[in-house]
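Data first, discussion second: the structure below is written as structure tokens.
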Amino acid sequence: MTSAEAIDVRQLINQSALSSWQKRLIALCFVVVALDGMDIALMGFIAPTLKASWGVTNHQLGMVISAALIGLALGAMVAGPLADRYGRRVMILLSVLFFGLWTLATAMAQNIEQMMLFRFLTGLGLGAAMPNVGTLVAEYAPERRRSFIITVVFCGFTFGAASGGFAASWLLPRYDWHSVMLMGGVLPLLVLPFLLRGLPESVRFLISQRAPAARIHAILARMLPGSVRPDSHFQSSEPLAARHGAVATVVSPRYLFGSLMLWGGYFMGLFLVYLIGSWLPSLINTLGMSVTEAAIVTAMYQAGGTVGSLFAGWLMDRINANLALAIIYFCGGIAIVALGFSPAQVGLMSAIAFCSGFCFNGANTGMNALSVSYYPTHARATGSSWMHGVGRIGAIISAFVGAELLSLGWSFSQIFLLLALPAALTTLMLVLKCRFGDQPRATE
Numbered sequence: 127m128t129s130a131e132a133i134d135v136r137q138l139i140n141q142s143a144l145s146s147w148q149k150r151l152i153a154l155c156f157v158v159v160a161l162d163g164m165d166i167a168l169m170g171f172i173a174p175t176l177k178a179s180w181g182v183t184n185h186q187l188g189m190v191i192s193a194a195l196i197g198l199a200l201g202a203m204v205a206g207p208l209a210d211r212y213g214r215r216v217m218i219l220l221s222v223l224f225f226g227l228w229t230l231a232t233a234m235a236q237n238i239e240q241m242m243l244f245r246f247l248t249g250l251g252l253g254a255a256m257p258n259v260g261t262l263v264a265e266y267a268p269e270r271r272r273s274f275i276i277t278v279v280f281c282g283f284t285f286g287a288a289s290g291g292f293a294a295s296w297l298l299p300r301y302d303w304h305s306v307m308l309m310g311g312v313l314p315l316l317v318l319p320f321l322l323r324g325l326p327e328s329v330r331f332l333i334s335q336r337a338p339a340a341r342i343h344a345i346l347a348r349m350l351p352g353s354v355r356p357d358s359h360f361q362s363s364e365p366l367a368a369r370h371g372a373v374a375t376v377v378s379p380r381y382l383f384g385s386l387m388l389w390g391g392y393f394m395g396l397f398l399v400y401l402i403g404s405w406l407p408s409l410i411n412t413l414g415m416s417v418t419e420a421a422i423v424t425a426m427y428q429a430g431g432t433v434g435s436l437f438a439g440w441l442m443d444r445i446n447a448n449l450a451l452a453i454i455y456f457c458g459g460i461a462i463v464a465l466g467f468s469p470a471q472v473g474l475m476s477a478i479a480f481c482s483g484f485c486f487n488g489a490n491t492g493m494n495a496l497s498v499s500y501y502p503t504h505a506r507a508t509g510s511s512w513m514h515g516v517g518r519i520g521a522i523i524s525a526f527v528g529a530e531l532l533s534l535g536w537s538f539s540q541i542f543l544l545l546a547l548p549a550a551l552t553t554l555m556l557v558l559k560c561r562f563g564d565q566p567r568a569t570e
């Protein structure tokens, strides 16, 4: 190679084996997602204790949980454009610092109004973390394995939520709810020095920002030793004509239809996942089954998500990613109808719930890989974050819809037949995106 030759970083990453440096990056990102999942789930774990300590109502607890979800939506919407301007690394670090500090503040809350404010502020940090983690991982992962690697990282969410549950089950009998929130605040701050040391900026972002070659060289030399020379130059295969503002790109004629389909699909997907995850125990109780049986069925629904996420990523790397997720969502719709008409037997319902969680939770994780693969480098964080932001609105609405469905007195089968409609709409949106929204990629 002569000094005049330039290295195409996209091609370099795609043609190289996954290095130990890249695996460490993936592990750090997994930890960030796990902390995010743990923090989001903490309110559910402390809710019974909080009700006993403060005498708060279910409505007040719902407002606290909704405040965090609103913060998640706003945090995602704002963090994306900032990450496309200032970098993925800085936004991930700030988000971890932000949600760690405000979770500590939540542990010190004196009343429900303070807790509502602190959880909203915590949500801003939580919302900024996951889409930027997905973006950073996508820009260091070989394209042939990208979807699977991203879904592995996002399995950290359920891992973190489950770990938080086990920790809370040990802490609450010995101390009180403050200890659980303290744990949720201290852990991110303990991890932060490791992120500062080990988390790099995206080289593809640096190229899109025309950063000095020496800075890009330093990262690549650590990632793939011997692959670059001191006098190497670096380039992006992305057309220069596409380099306008991130927001303008996401809503440009080229990407707008696909963006709308991503937003609509993720909105419906999170609406389903949050509604089923939150209200399934209550709905099962209407069949006369015990609280324990309802908990088992719901746990199987959640357990299916981890396996489904890995399968979704594997399938997306082998066939058209849009169609892969459309098929999985469609199968989830069939499973949810089957659950609605299932006899009230814990074994059979658990198996169907596992299949439902496999499809819906797995496909929702796959949506993260789909969004980061769709947009060019200079708009990737914005596109992914805005999908997250719009999707969180679906999660917020699901809380109220679930309560309304219970109050209407509909039968179990009628409710689950209705829930197949969002699954069908998501399937349709992904098929339409595949047919009309996808363009030849000028990414990376």
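With positions in the sequence shown counted from 1, the corresponding number in the numbering used here is that position plus 126.
Beta carbons are placed, not taken as given, at the ideal position from N, Cα and C, and that holds for glycine.
Between the stretch 198-209 and the stretch 245-257 there are three or more C-beta pairs closer than 8 Å, enough to call the two in contact. The beta-carbon distance between A489 and G395, rounded to whole angstroms, is 6 Å. This is short enough to meet the 8 Å contact definition. With 16 or more other Cβ atoms from the protein chains shown falling within 10 Å of its own Cβ, I402 counts as buried. Judged by beta-carbon spacing, F246 lies within the 7 Å limit of A193, meaning their Cβ atoms are closer than that value. Its chain contains L332 as the residues whose beta carbon lies nearer than 7 Å to that of R341, once the 5 sequence neighbours on both sides are disregarded; these appear in chain order. For the pair S305 and L316, the CB atoms are not nearer than the 7 Å cut-off.
Between G311 and M234, the alpha-carbon positions lie close to 11 Å from each other.
For G384, the CB contacts under 7 Å within the same chain, skipping 5 residues up- and downstream, are Y500, K559, G563, D564 in chain order.
Along the length of the stretch 129-199, whole alpha helix (DSSP H) runs at least 4 residues long occupy 135-141, 146-180, reported in chain order.
Judged by DSSP in its simplified three-state form, F360 adopts strand. Three or more beta-carbon pairs separated by less than 8 Å link the stretch 436-449 to the stretch 272-279, which places the two stretches in contact. As for any alpha helix (DSSP H) of minimum length 4 sitting wholly inside the stretch 410-435, there is none. Distance from the CA atom of S353 to the CA atom of R150, rounded to whole angstroms, is 19 Å. Taken atom to atom, the span from the alpha-carbon of P326 to that of Q240 is near 36 Å. For a cut-off of 8 Å, the C-beta gap from V376 to T175 is around 42 Å, too long to register as a contact. Inter-residue distance for C281 and W512 is about 21 Å (C-alpha atoms, whole angstroms). For A505, the closest of F244, R348, W389, R211 by C-alpha to C-alpha distance is R211. The alpha-carbon separation between N494 and A421 amounts to approximately 28 Å.
In this chain, the alpha helix (DSSP H) harbouring A447 covers 447-466. When the alpha-carbon of T503 is set against those of L219, M169, L262, S145, the nearest one is in L262.
A209 sits away from V498, with the two beta carbons spaced by 7 Å or more.
Between the alpha carbons of V204 and F225 lies a distance of about 15 Å.
In the three-state DSSP reduction, A372 falls in the helix class (H, G or I).
In the DSSP assignment, V317 falls within the alpha helix (DSSP H) that extends over 303-324. About 4 Å separates the CB atoms of M164 and G286; that is less than 8 Å, so the two are in contact. Between the C-alpha atoms of T491 and L220 there is a straight-line separation of about 23 Å. Membership of S524 in the alpha helix (DSSP H) is indicated by the continuous run 506-534. One alpha carbon belongs to L413, the other to S537, and they sit about 9 Å apart. In chain order, V399, G430, G431, G434, S435 place their CB closer than 7 Å to the CB of N487, counting only its own chain and leaving out the 5 sequence neighbours on each side. For V279, the three-state secondary structure derived from DSSP is helix. If you ignore the 5 residues before and after V516, its C-beta comes within less than 6 Å of the C-beta of W389, F393, all in its own chain and listed in chain order. Taken atom to atom, the span from the alpha-carbon of A546 to that of M475 is near 17 Å. Shown here for L449: same chain residues with a beta carbon closer than 6 Å to its own, the five before and five after excluded, namely C560 in chain order.
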